[in-house]
Amino acid sequence: MPMLEWCRALEETAVGTLVRETAFPYVEGTHVLGLSLSVGTVMWFDLRLLGATMSTRSVSEVFRDLRGWMFAGFAIMFLTGALLFTAHATKAYESAYFRAKLALIVLAGVNIVVYHLTIDRSEPEWGAAPVPPLAARAAGLISLTLWFSVISAGRLLAYSL
Amino acid sequence: MVWEILRPFVSLLGDSAFGQWLGQSTERIAWLFVMHLAGLTLLLGGTVVVSLRLLGIGLGSQSLPQLARDVAPWRMSGLVLSLISGALIFTGGAVSYYEGAWFRQKMTLLCVALIFNFTVFRLVTQAADGRFSPWLNRVTGGLALLLWFGVGVSGRAIAFF
């Protein structure tokens, strides 16, 4: 079944209809304020990688401090984001902002995987330094840039629906 | 009432050439909303980490005054970004925003949140660990979350209700 047909079917499900006709403001509100727990927590880790905050704590300590809240925040974002998608699936699917947003999220995921498989391996050696090595700073800057671009694409997507 | 006293100035602002120019373009307003959300993420993300520490349910590896100092510049940048973009969004539709009940609730909560922030919140977060009772810390963290998320929820409600 072509994607657009699938999107139309999704919109017509009970969930899609409920979100579109009743729950939209609440789901959308949760999605927007969920930024405080998702990007709002991961950004401290990114800034720590840049050497721009919490420099008295090691990189791994900052990660352990934020981990649980960060995962909870992104779980809320994916759940509410998926629900919002069911409400306007066809329009979202055809929107360039939606496609850009998904691509940026994938890139942010790739950045996380690359970080954990490479630079993070030697974190015990450099993690306590107030300013981490260039590769770690680059990972932090890329992550910050991508997440704030995701926010921008999301806001512009809401305007285009 | 203060709302009556301010009304003529709001009309003047909304009818000004600048206000008209801002309100003319949806795209201009959309980019201001992008800035507003970026500011929200920094402000609420900062509020969340400091409040979790105050509540004793997160960021346990950090001392409270050190954490508050580390977070403050980013959190305050978020506040300034939100205030500037918010003021511009308001200018682009001043008269209609001004009469809304949710807008007035948002502004009232914003004033309370700002006063709380620069008095109790500042005093408690800058005090050395153990100077105040854990209960004062918890109440301060809870109130900070309630007030700033209250501002956020009212803001979302302006768009929907």
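The listed protein sequences correspond, in order, to chains A and B. Under my numbering, residues 1 to 161 are what the first sequence spells out, in order. Under my numbering, residues 1 to 161 are what the second sequence spells out, in order. For glycine and all other residues, C-beta sits at the position ideal for the given N, C-alpha and C. Remember, predicted model here, so these are calculated numbers, not experimental data.
Residues that residue i contacts on chain B, provided the C-beta gap is smaller than 8 Å
| i | result |
| --- | --- |
| V39 of chain A | T41 and G45 |
Residue i - DSSP class collapsed to helix/strand/coil
| i | result |
| --- | --- |
| G93 of chain B | coil |
| R103 of chain B | Looking at the sequence shown, residue 103 of chain B is not Arg but Phe. Correct three-state label for F103 of chain B: helix. |
| V32 of chain A | helix |
| P65 of chain B | helix |
| D129 of chain B | coil |
| I57 of chain B | coil |
| R57 of chain A | coil |
| V19 of chain A | helix |
| F121 of chain B | helix |
| V131 of chain A | coil |
| H88 of chain A | coil |
| T13 of chain A | coil |
| M77 of chain A | helix |
| M1 of chain B | coil |
| P134 of chain B | helix |
| F161 of chain B | coil |
| L50 of chain A | coil |
| S122 of chain A | helix |
| P73 of chain B | helix |
| L83 of chain A | helix |
| S95 of chain A | coil |
| A144 of chain A | One point to set straight first is that residue 144 of chain A is Leu, not Ala, in the sequence displayed. The answer is helix: DSSP assigns L144 of chain A an H, G or I state. |
| L161 of chain A | coil |
| S149 of chain A | helix |
| E2 of chain A | The sequence given here places Pro at residue 2 of chain A; Glu does not occur at that position. In the structure shown, P2 of chain A sits in coil (DSSP, three-state: anything other than H, G, I, E or B). |
| S38 of chain A | coil |
| S16 of chain B | coil |
Chain D contact residues for residue i, given Cβ-Cβ distances below 9 Å
| i | result |
| --- | --- |
| W74 of chain B | Absent here is chain D; the protein component of the structure consists of chains A and B. |
Which listed residue (the options) has its alpha carbon closest to that of residue i
| i | options | result |
| --- | --- | --- |
| S149 of chain A | A:P133, A:W6 and A:L102 | A:L102 |
| L83 of chain A | A:L10, A:V110, A:Y159 and A:A153 | A:L10 |
| Q126 of chain B | B:Y98, B:A113 and B:T140 | B:T140 |
| A136 of chain A | A:T41, A:W147, A:A158 and A:E123 | A:E123 |
| V34 of chain B | B:S82, B:G150, B:V2 and B:W3 | B:S82 |
| G78 of chain B | B:V2, B:W102 and B:G39 | B:G39 |
| T86 of chain A | A:I142, A:V27 and A:L146 | A:V27 |
| I105 of chain A | A:L144, A:S160, A:V59 and A:E125 | A:L144 |
| A108 of chain A | A:A72, A:A129, A:G68 and A:I151 | A:I151 |
| L33 of chain A | B:V48, B:W74 and B:T26 | B:V48 |
| L42 of chain B | B:V80, B:R131, B:A157 and B:A94 | B:V80 |
| A72 of chain A | B:G58, B:W74 and B:P65 | B:G58 |
| K106 of chain B | B:G142, B:F118, B:D70 and B:A159 | B:A159 |
| M151 of chain B | B:L109, B:F132 and B:T119 | Strictly speaking, residue 151 of chain B in this sequence is Val, with Met absent from that position. If we check each option's Cα against that of V151 of chain B, B:L109 comes out closest. |
| L163 of chain B | B:L146, B:A17 and B:Y98 | Because chain B in this structure spans residues 1 to 161, residue 163 of chain B falls outside the shown range and cannot be described. |
| M43 of chain A | A:D65, A:G140, A:N111 and A:M77 | A:G140 |
| L35 of chain A | A:S160, A:L161, A:R155 and A:Y159 | A:R155 |
| R67 of chain A | A:V39, A:E12, A:G127 and A:A23 | A:V39 |
| V114 of chain A | A:E61, A:G29 and A:I142 | A:I142 |
| L88 of chain B | B:W3, B:R7 and B:L13 | B:L13 |
Chain-ordered neighbours of residue i on chain A, where CB pairs are closer than 8 Å
| i | result |
| --- | --- |
| T26 of chain B | Y159 |
| R156 of chain B | P25, E28, G29, V32 and L33 |
| V34 of chain B | I151, S152, R155 and L156 |
| A38 of chain B | F148, I151 and S152 |
| A30 of chain B | R155, L156 and Y159 |
| L52 of chain B | W69 |
| V48 of chain B | S36, L37, G40, T41 and W69 |
Chain-ordered neighbours of residue i on chain B, where CB pairs are closer than 9 Å
| i | result |
| --- | --- |
| T56 of chain A | Q62, S63, Q66 and D70 |
| S95 of chain A | Ordered by position in chain B, no residue passes the 9 Å Cβ test against S95 of chain A, which lies about 13 Å from the chain. |
Chain-ordered chain A contacts of residue i [CB-CB under 7 Å]
| i | result |
| --- | --- |
| F149 of chain B | L33 |
| G152 of chain B | L33 |
| G58 of chain B | D65 and W69 |
| F160 of chain B | P25 |
Partner residues on chain A for residue i, Cβ-Cβ distance less than 9 Å
| i | result |
| --- | --- |
| V80 of chain B | Per Cβ cutoff of 9 Å: no residues; V80 of chain B is ~16 Å from chain A at best. |
Interface residues of the segment 139–151 of chain A facing chain B [CB-CB below 9 Å]: W147, F148 and I151
Chain B contacts made by the segment 60–71 of chain A, where a contact means CB separation under 9 Å: E61, V62, R64, D65, L66, G68 and W69
Minimum length 4: unbroken alpha helix (DSSP H) runs contained in the segment 20–55 of chain B: 26–55
Contacting positions in the segment 105–123 of chain B - beta carbon closer than 9 Å to chain A: none
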